[in-house]
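Chemist: The sequence shown: position 8 = 356 (this note's numbering), numbered continuously.
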Amino acid sequence: AKGFLSKNYNTNNETASCIMIIGVNSTGGYEGSLKINKKVVSQLKKLDSAYNYVHVEGKGEGVISTQIHDITSKANQIIMPMIFIMIVIVLLISFRKISYVILPLFALSVSIIWIFGTMVLLGIPFSTMAVAVVPLMLGLGVDYSVHLSHNYRSELAQGKTPAEAIKISVTEIGEAMFLAMLTTVIAFLSFLTATVPPMRDFGLILALGIIYTFLTALTLQASVRYLVDRKKKQLDREKKKTFKINIFMGKFAKKILKHQKKIIAALLLITVVTAVEATQLKTEFDFNAFLPTETPSIKLYKRIQTEFPFSSQDQEYILLEGDVATTETLTGIMRTHMNLKDDKYIAKKADGSIKTTSIYTIIQQAVNNNKSLIKEFNLDEKTYIPNSNRDVKNLYDYLYDDMEYGFLTKSTLHRETDGRYDAAVIDIYVTLVDDSEKNEAFNKKVEILNTELNEDIEHYGNNVNAIVTGPMIITYKITSSLTHSQIISTIISLVLAAIVLIIVYRRVTLGIIAMIPVMMSMIWILGTMYIAGYTLNVMTITVTSLTIGIGVDYAIHATERFRLVADKTGNITKAVTETISRTGGALLIAAMTTCLGFAVLIFAPIPLQVQFGIITSTTVLFSFITSVLLLPLVLARWAKWSKKKKGYIISPAPVDEKYLKEIEE
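#1: Applying the criterion that 16 or more other CB atoms from any shown protein chain within 10 Å of the CB defines a buried residue, is V576 buried or exposed?
#2: Rounded to whole angstroms, what's the CA-CA distance from R985 to V976? Just pull it up for me.
#3: Going along the chain, which residues of its own chain have a beta-carbon closer than 6 Å to the beta-carbon of N687, five neighbours each way excluded?
#4: For M529 versus I559, is the C-beta distance shorter than 8 Å?
#5: Based on Cα-Cα distance, which residue from M682, I666, V856, T857 lies nearest to A771?
#6: Using only CA atoms, which one of P545, Q391, T532, E669 lies nearest to G897?
#7: Looking at the secondary structure, which residues open and close the alpha helix (DSSP H) in which H498 lies?
#8: How big is the Cα-Cα spacing for L780 and K793?
#9: Assign N813 to one of three DSSP states: helix, strand, or coil.
#10: Write down the C-beta distance between F946 and P483 rounded to the nearest angstrom, noting that I regard them as a contact closer than 8 Å.
#11: Output the boundary residues of the beta strand (DSSP E) element that contains R763.
#12: With a 10 Å radius around its C-beta and 16 neighbouring C-beta atoms as the bar for buried, classify G851 as buried or exposed.
#13: Hey, quick one: how far does the beta strand (DSSP E) through L667 stretch, first residue to last?
#14: Work out the CA separation of Q506 and I950 for me, nearest whole Å.
#15: Which first and last residues belong to the alpha helix (DSSP H) in which A772 is found?
#16: Would you call the CB atoms of V1003 and G918 closer than 8 Å?
#17: So the candidates are L884, V900, T967; which of them puts its Cα closest to the Cα of T627?
#18: Out of K579, A789, M682, M867, state which residue places its alpha-carbon closest to the alpha-carbon of T731.
#19: Identify every residue that forms a DSSP beta bridge with I694.
#20: Please state the DSSP three-state secondary structure of M529.
#21: Helix, strand or coil for I702, going by three-state DSSP, please let me know.
#22: Residue range of the alpha helix (DSSP H) that T564 falls in?
#23: Flag this pair as yes or no: are the beta carbons of L568 and V458 separated by less than 8 Å?
#24: With 16 as the cutoff for other CB atoms within 10 Å, does T619 come out buried or exposed?
#25: Leaving out five residues on either side along the sequence, give the residues of the same chain with a beta carbon under 7 Å from the beta carbon of A818.
#26: Measuring alpha carbon to alpha carbon, tell me which residue in A903, Y824, T760 is nearest L668.
#27: If you drop the 5 nearest sequence neighbours on each side, which residues of the same chain put their C-beta closer than 6 Å to that of N499?
#28: Using the DSSP secondary-structure output, state which residues sit across from P734 in a beta bridge.
#29: How close, in whole Å, do the beta carbons of F970 and S828 come, if the pair is a contact with beta carbons under 8 Å?
#30: Considering only C-alpha positions, which residue in the set L678, L504, M368 is nearest to P734?
#31: Go through its chain and collect everything with a Cβ distance to I821's Cβ below 6 Å, but skip five positions before and after it.
#32: At which residues does the alpha helix (DSSP H) containing D766 begin and terminate?
#33: Note the first and the last residue of the continuous alpha helix (DSSP H) segment covering L856.
#34: Which residue comes first and which comes last in the alpha helix (DSSP H) that contains T892?
#35: Could you tell me the distance, in whole angstroms, from the CA atom of I997 to the CA atom of I435?
#36: To which residues of the same chain is Q608 closer than 6 Å at the C-beta, ignoring the five residues directly before and after it?
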């Protein structure tokens, strides 16, 4: 009874706190459980308002999930429009024309509709990770639109008609966009190697989303853009507007060319420092990172921990599968209970005994209340274990159908329709969660608990398998496997992306050079995460694949522009300048929209989503810096080597004087 009363209770007090435990049978998956949980929360509120002499509050997985759902839904109603507004502002400032804002957003909206439709068709649930799909699609998808629009405006500024400008843009930018899309899809599909189903779904949806945004940008947006402008023979007024960002990036390019060695040295130094820090990054599970700090049930949970030390409802389990109606199984369960006594994090009852439940503890309780059961089922007088398997089966049947013990028995034994008992569970109440302790301490506790529970397992019979499971144990095992699976995903992504680029460029060195910004950005972000005090968890573990997906996109656009200019002009300096000024301008707009879009997640109620937003924004920034500052300089050195060795950079074709004149104007 003390487990249900607060520790400050005594008979002289007029008021005291107590706990009531409600069992809920939920069906229908997440939506069905949510519906039932909302009814429970609603009834608790009614009880609280109905009686002025008692205060009623609810806590538990169902209540917490309901409140998190409500808080997250309300937050998303603000966050999603904010992301949209940020993108609109950046596009409007960059292009200063409303049609250059409406068309990209229209194409993106179509893509997002396709994504959610695909999720429904594939039966993929809208999980915590799926919340990040929309900002990712808005942030990454707008990149394709920006590159297309920026190149189109640049061509118009050089005197091209809308038809000529859209044709050149689709031809020149289309190849880079296709390569970027292909390598990004490869990076996201690497999530399919993950051990966590929501992460696999996350990768698949992102990959499909990238394909959708590529298709809508290159077909829908390009077509509508031409239809809007086709009656205008030449848009001279575009010239002055378009070149403002290009002029800024052009001046920036001159500074970069002037201080090449210093820039390369500084970037290499940053890489070395962050690489050292990245090696210290840990994979951990932070219980509090999944919970909004202001959730009422979380506050109540902390209070219960303090006021009700014997009321632990956090459970882990030892699941037994096989023929469990044997004396061997019961003997094994009895020995497991004895082994549990010295475990560090097992909850205790008020009398000091461990807080566990199994068919064996139910037998003990039943026999202590009715000693005649010893003779009726041939039980050992000391251990209460039957003498034969037949007696075990008969005792199970008695308890299973008994009015007093039936409910508890059914929660620890599983009986088939033919009467066979094929599974049993040992419920183990634990005391792990402490809001004041750091992630590392909590993870160490779970590790110790997992080790001790596995050591507590005994022999339960030749045909019985035992496994330790439960919410925290499962999370611990998942988190432990994340690093390994993500390393595999990252290696697969890098290798496949490099192979694709090598095949397309037909040069091994050029394909590898294009991957340098990606690898540097990855090192930078992992090192930065350690410096910022972050750990790798269910969401932040995706950072390496995201870095590949975002970084390779930027690197390909820069490489493609350099190849185009170097091939047509044979001028390495001009190729560097044009890459930084023209493609760098488009990358700057794309980076700003993506960074600001993800930065909005700092207003998310769940700490995990806040971390994800900050990390992704920083990843985009790093990808931009390495693609604009470092990559053109490395490409310039490669071009000098290629020209010296072969006499040309890309191909032996003569200089395109017309193109050279256009870019010099």
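We put the beta carbon where it would ideally sit given N, CA and C, even for glycine. Predicted model, so just to flag it, every value in this text is computed and none were measured.
Modeler: Taking the coordinates as given:
#1: Exposed, since its Cβ has fewer than 16 Cβ neighbours within 10 Å.
#2: One C-alpha to the other measures close to 15 Å.
#3: Excluding sequence positions up to five before and after N687, its CB lies within less than 6 Å of the CB of D804, all in the same chain and listed in chain order.
#4: Their beta carbons are under 8 Å apart, which means M529 touches I559 by this criterion.
#5: Answer by Cα proximity: I666.
#6: Among P545, Q391, T532, E669, the Cα nearest to that of G897 is on T532.
#7: From DSSP, the alpha helix (DSSP H) with H498 extends over 481-505.
#8: Here the alpha carbons of K793 and L780 stand approximately 7 Å from one another.
#9: Strand at N813.
#10: Rounded to whole angstroms, the Cβ separation of F946 and P483 is 6 Å, and the two are in contact under 8 Å.
#11: From DSSP, the beta strand (DSSP E) with R763 extends over 761-763.
#12: According to the sequence shown, residue 851 is Ile rather than Gly. Result: exposed.
#13: L667 -> beta strand (DSSP E) spans 663-669.
#14: I950 and Q506: Cα-Cα distance of roughly 41 Å.
#15: No alpha helix (DSSP H) holds A772; the beta strand (DSSP E) holding it covers 769-777.
#16: Yes, these two residues count as a Cβ contact at 8 Å.
#17: Out of L884, V900, T967, L884 has the C-alpha closest to the C-alpha of T627.
#18: Comparing Cα positions, the closest option is M682.
#19: In the DSSP assignment, the residues bridged to I694 are V778.
#20: If DSSP states are grouped into helix, strand and coil, M529 belongs with the helices.
#21: It is a strand residue.
#22: In the DSSP annotation of this structure, T564 is not part of any alpha helix (DSSP H), being labelled neither H nor E.
#23: Going by C-beta atoms, L568 is nearer than 8 Å to V458.
#24: Around the beta carbon of T619, 16 or more other beta carbons lie within 10 angstroms, which makes this residue buried.
#25: The question names Ala, yet the displayed sequence has Gly at residue 818. The answer, listed in chain order, is Q663, E664, Y665.
#26: Checking every option, the nearest Cα to that of L668 belongs to T760.
#27: Contacts found: S517, I521.
#28: P734 pairs with L727.
#29: Contact annotation, F970 with S828: C-beta distance approximately 28 Å; criterion of less than 8 Å not satisfied.
#30: Taking the Cα of P734 as reference, the smallest distance to any Cα among L678, L504, M368 is reached at L678.
#31: Cβ-Cβ distances below 6 Å link I821 to E664, N798 in the same chain, with the five nearest sequence neighbours on each side left out; the list follows chain order.
#32: Neither: D766 is in no alpha helix (DSSP H) and is coded neither H nor E.
#33: Looking at the sequence shown, residue 856 is not Leu but Val. First-last of the alpha helix (DSSP H) with V856: 856-879.
#34: Note, T892: alpha helix (DSSP H), 891-917.
#35: I997 and I435 have their C-alpha atoms spaced approximately 38 Å apart.
#36: The answer, listed in chain order, is L981.
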